[in-house]
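I have placed the structure first, in the form of structure tokens, so that the comments after it can refer back to it.
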Amino acid sequence: MSDGAEPLAARLSGIFKSYGAVPANRGASLDVAAGEIHALVGENGAGKSTLMRMLAGLFPPDAGRIEVNGRDVTGWSTADAIRAGVSMVHQHFMLIPTLTVAENVILGREPMRGWSLDMAKALIEVRTVAEESGFRVNVHERVRDLSVGEAQRVEILKALFRGARILILDEPTAVLSPPEVQELWRVLRSLRESGGTIVLITHKLDEVMAVSDHVTVMRHGETVATMLTTETTPAAIARAMVGRDVDLVMVSSARRAPPLPSRPSRAVPGGAAPLARSPLPAAEGASRRRPTATASLTPLLVQSLTVKGPRRERRVTDVSLSIAPGEILGIAGVEGNGQTELVEAIAGLRAVASGRIALGDRDITTLDVRRRAALGLAHIPEDRQRRGLVLDYSVADNLILGRQASFAHRPAGRLDRRRILANARDCLARFDIRPADPALPARALSGGNQQKVIIAREMGGDFSVLLASQPTRGVDVGAVEFIHAQLRAARDAGKAILLVSAELAEILALADRVAVMYRGRIVGLMPRDEASVETIGPLMTGAQDAAAVPA
Amino acid sequence: MTALAIRERAEEALLPPLVALLIALVAGDLLILSVGQSPASVFALMLQGTWGNAYGFGQVLYKTTTLICTGLCVSVGLRAGLFNIGGEGQLAAGGFAAALVGLALPATTPSLIAVALCVLAAIAAGGVAGWVPGVLRARFGAHEVITTIMLNFITLAALNWAISTRLRVPETLHTRDVHAGALARLSELVPAFHGSAANVSLLIALAAAALTGWYLFRTRGGYDLRAVGLQPEAAEYGGVRVGSVWIRALTMSGALAGLGGINFVLGYKHYYEDGFATGYGFLGIAVALVGRNHPGGVVLASLFFATLSQGGLAINAVVPRQMVDVLQGVVIIAVAASVPEVRRVLRIGRRRSAEA
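Protein sequence lines correspond, in order, to chains A and V.
So in our numbering, spot 298 of the first sequence is number 305, and the numbers just go up one at a time.
So in our numbering, spot 36 of the second sequence is number 1081, and the numbers just go up one at a time.
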């Protein structure tokens, strides 16, 4: 990589790509040197994934030139790309759960002996590749029994087995716990040592600072900056991403957290935390009204809740919690440890096996979704594209989802178009949703604006308890700022908020109390002052099996 | 909405069926050439026999009427994400119920009351035939494709039994004439239609299409129904009880097919005849497909398929009648294949941009 004459591992120049009338790339470019970890950052919809999918051969660019190792490969196929050693690890894993690790890795390139599969040889080959790249994984284990982090390692292993020299990772840390992120960084660094080239698509600035050599910033389909990571700061990258100064305090700082060092630290211990260690001092939280013991009634009370999955297995076991007015209870944990089921049970979307849920003085355990909502329960669901929005409905129609009954006339149920439109215009303006066109299908909006539609709908009206599940997942820095401000404002207005997030930094930035979920149980509950990456991280992975603490 | 968005929508609604029509036209040319005739003269003959004279056009309108009902039936199901293949049985049940009520009423019953009762009976019978698979789906998770197909056999066999053992006029497979509840032919309003089977059921079917459109796109019930069809999880999140929407949608769907029964029974023959529904149920699927599950589209597609069907009779002398069946098949395949493809090409931009 130090040899100046050596061609770049990948060079994309003047790339244009439109989907229909929507431009995704407008003259984007990217130079990746051989043997480096190159971070590609930008807001959602900036065109990062599109650009990298063209490098991986998923589709050709409309215009522009793609070179790999100095060879013009514009418009090649995925088969060509794999043959040339370019592999992309997608956000959604493409593994077969019932097969073992080794079987998944060799899929499509099975070592054969005559007409039959040479499993012995396959095992040796897979083990060799795993050892060379420093993977810790049991090749005999079935993929369905693996954790998300392990499954991701299998994906990378699969790419390496196919001879990948240039590895593209699309937001790989979205589903990982802090220790798993550290493990991923270790693997990526060891790949770099052995001459591999890695492009890391991300929008988390601390990841950029932690592992990358160079960082390229994209905005609106164009490349706006390429920087040496050692010579830049998170603030500078954020500015390039959004095209203006971003108030990192809103995004990152934990209230009541001790002031952080005034210089950005490059090695971030808690890797998954976006901007967690930004150099800005903590916001002043002392004047904010604190939850008090004299608060009249507990807005949300959950007692010994157990929820079962489709095969009668326990997904949530004996969870108890309560939230006071004006309090945010944060639930930390690696995804898939019962958070989804807990929130859906409270919202009425999932049957309760045993236990009790109360909203104020009302027992809502057996009420349906609509009645719970009518009692003041708002819900920002974790999967906005599947649950939170009807993507083919207009923004205006999405803004009444869950309240459609109150926009209809009796007895025939004719919808009041005028009021629906007025409601939409009001929400679009108050929550700055762009484009401000109520007739546009929700599908046409960017991730951040889709989330704002949901926030506007759930928080724009009257509510006493809010379930906020992964409220900032996959949204850009500007929207994170906005959503956090909304949550804080609701808390300060006396609402009770249950915040579930896979981002520890988000929990630490917003929560008044932090609970940790592991395998369906609450394994730790502490006030914000005692919570940190160091205390929560081990609980998230079950390393430290504290007794369940009743709320 | 911007002009661009309106253009996009229009393209998406109109382009796929037009592409399919073009493919069918080319295939039709080849077919006609293969039997040694000139495509131009055959198509001219076809037009002359359908839209070219009042009687032929009346026959087209008659067939259109039933197709509107079975097409709406399939469309309402699909809007809720359910594939109702039971249109034929539901249509037959509707016609049978209308005939039964008509036979039971004294011939002196005031016409308006008799018609209303017969029409309601047709709607109710079709509705029940649709409600059953709805409940089976919502309560037991039985897939509606299986249950509606099976209910077709059950319904048709039961009606055949009732006719052949109890209700028929000897030597036939139809009931006695229904005197109460008979509907006027269109020829009484427009004399040129004389002799054709077109009757005021057409107006009832058009009203049903308008009402269906209003329900789907203007009411809370339709909002819930379409949400369930598009994204059941989001509907559930929005407080919609998915199971009851399934039941409601299939009941409505069956009721619309049942309504179609009056066209033959009350409007045309004035008796129930075994097998009158044959083919209409399945053609209803094609109508819904070409009509893009929109009531307006369903009306247009019904007119198109009715024209093809009637045109087949008109060209019988020069080419085999089966050619039109083949052509119908080609249209259906062309639409099935080209609608997703053309839509994909049109939509790819929006979808991908939402993902990126």
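We put the beta carbon where it would ideally sit given N, CA and C, even for glycine.
Do residue i and residue j have their CB atoms nearer than 8 Å?
i: A:W198; j: A:S140; result: Inspection of the sequence shows that residue 198 of chain A is occupied by Leu rather than by Trp. Cβ atoms of A:L198 and A:S140: closer than 8 Å.
i: V:D1319; j: V:N1205; result: yes
i: A:V249; j: A:G455; result: no
i: A:P179; j: A:G544; result: no
i: A:I22; j: A:G71; result: yes
i: V:V1160; j: V:G1226; result: yes
i: A:E157; j: A:V144; result: yes
i: A:L474; j: A:V350; result: yes
i: A:A181; j: A:L212; result: no
i: V:Y1107; j: V:N1308; result: yes
i: A:H491; j: A:L532; result: no
i: V:Y1268; j: A:Q411; result: yes
i: V:L1231; j: V:V1214; result: no
i: V:G1097; j: V:F1238; result: no
i: V:G1266; j: A:G409; result: no
i: A:R379; j: A:L366; result: yes
i: A:E389; j: A:A503; result: no
i: V:V1146; j: V:A1166; result: yes
Please go through the same chain and pick out, in chain order, the residues whose beta-carbon is closer than 7 Å to the beta-carbon of residue i, but skip the five residues on each side of it.
i: A:F66; result: R60
i: A:A302; result: Because the pLDDT of A:A302 is 45, which lies under 50, any placement of that residue in the model is unreliable, and the question is left without a value.
i: V:Q1135; result: C1118, G1171, A1174, G1175, G1299, A1302, G1303
i: V:V1287; result: V1273, P1277, A1280, E1281
i: V:R1054; result: none
i: A:F142; result: R160, L164, V194
i: V:A1144; result: T1220, V1223, V1310, Y1316, Y1317
i: V:S1398; result: Only weak support is given to the placement of V:S1398: the predicted model assigns it a pLDDT of 48, under 50, and the value that follows is read from those uncertain coordinates. Here the set comprises nothing.
i: A:A129; result: A109, I113, E117, P118
Which residues in the same chain as residue i place their Cβ atom closer than 6 Å to its Cβ, once the five residues preceding and following it in sequence are excluded?
i: A:F438; result: K459, A463
i: A:A293; result: At A:A293 the pLDDT is 37, less than 50, meaning the model places this residue with poor confidence and gives no usable figure here.
i: V:I1330; result: V1119
i: A:R363; result: Q310, T372
i: V:I1068; result: A1379
i: A:L447; result: V402
i: V:N1197; result: G1131, E1133, G1134
i: V:G1305; result: T1111, C1114, T1115, L1136
i: A:H386; result: A354, L474
So residue i packs on residue j, CB below 8 Å; how close in whole Å?
i: A:A46; j: A:V215; result: 4 Å
i: A:L328; j: A:V309; result: 5 Å
i: A:S25; j: A:D79; result: About 22 Å; that fails the 8 Å criterion.
i: A:I205; j: A:V96; result: Not really, about 10 Å apart at Cβ, beyond 8 Å.
i: A:V224; j: A:A247; result: 4 Å
i: V:A1351; j: V:L1112; result: 6 Å
i: V:A1346; j: V:V1332; result: 5 Å
i: V:P1178; j: V:A1255; result: Not confirmed; about 26 Å, so no contact.
i: A:V93; j: A:I44; result: With a Cβ gap of about 16 Å, A:V93 and A:I44 do not count as contacting.
i: A:A63; j: A:V75; result: With 8 Å as the limit, A:A63 and A:V75 do not qualify as a contact, their Cβ atoms being about 10 Å apart.
Take residue i and list the residues in its own chain whose beta-carbon comes closer than 8 Å to its own, dropping the five residues that flank it on each side.
i: A:A436; result: A443
i: A:L183; result: V155, G156, Q159, L191, A279, V341
i: V:S1209; result: L1218, D1319
i: A:V523; result: I338, A339, G340, I529, V530, G531, L532, I543, L546, M547
i: A:T239; result: V222
Cβ of residue i within 7 Å of any heavy atom in the ligand GDP?
i: V:G1341; result: For the ligand GDP, the structure offers nothing, since it holds no ligand at all.
Task: At least three beta-carbon pairs within less than 8 Å, the region 146-157 of chain A to the region 104-115 of chain A - done: yes
Task: Start-end ranges of the alpha helix (DSSP H) lying completely within the region 167-247 of chain A, minimum 4 residues - done: 185-200, 212-218
Task: beta strand (DSSP E) runs wholly inside the region 67-134 of chain A, at least 3 long, in chain order - done: 70-75, 93-96
Open item on the list: Is it the case that the region 340-360 of chain A contacts the region 493-513 of chain A, given that we only count it when at least three CB pairs across the two stretches are under 8 Å?
Closed with: yes
Task: Stretch pair the region 313-322 of chain A + the region 471-487 of chain A: three plus CB contacts closer than 8 Å - done: no
Task: At least 3 beta-carbon pairs within less than 8 Å: the region 369-381 of chain A vs the region 351-358 of chain A - done: Yes, since at least three Cβ pairs between the region 369-381 of chain A and the region 351-358 of chain A fall closer than 8 Å, the two stretches touch.
Open item on the list: In chain order, what are the residue ranges of uninterrupted alpha helix (DSSP H) at least 4 long that sit wholly in the region 332-358 of chain A?
Closed with: 346-354
Task: Length at least 4, wholly inside the region 400-453 of chain A: the alpha helix (DSSP H) runs in chain order - done: 402-405, 424-437
- [ ] Decide yes or no for the touch test of the region 1364-1372 of chain V against the region 1075-1084 of chain V: beta carbon pairs closer than 8 Å, at least 3 of them.
- [x] yes
- [ ] Examine the Cβ distances between the region 1149-1165 of chain V and the region 1221-1241 of chain V and report whether three or more of them are shorter than 8 Å.
- [x] yes
TODO: Answer yes if the region 1233-1253 of chain V comes into contact with the region 1103-1112 of chain V, meaning at least three C-beta pairs across the two stretches below 8 Å, and no otherwise.
DONE: yes
Task: 4 or more residues per run - each alpha helix (DSSP H) lying fully within the region 1135-1192 of chain V - done: 1156-1185
Task: Uninterrupted alpha helix (DSSP H) stretches inside the region 1314-1373 of chain V (no shorter than 4 residues) - done: List check, alpha helix (DSSP H) in window: 1325-1335, 1340-1359.
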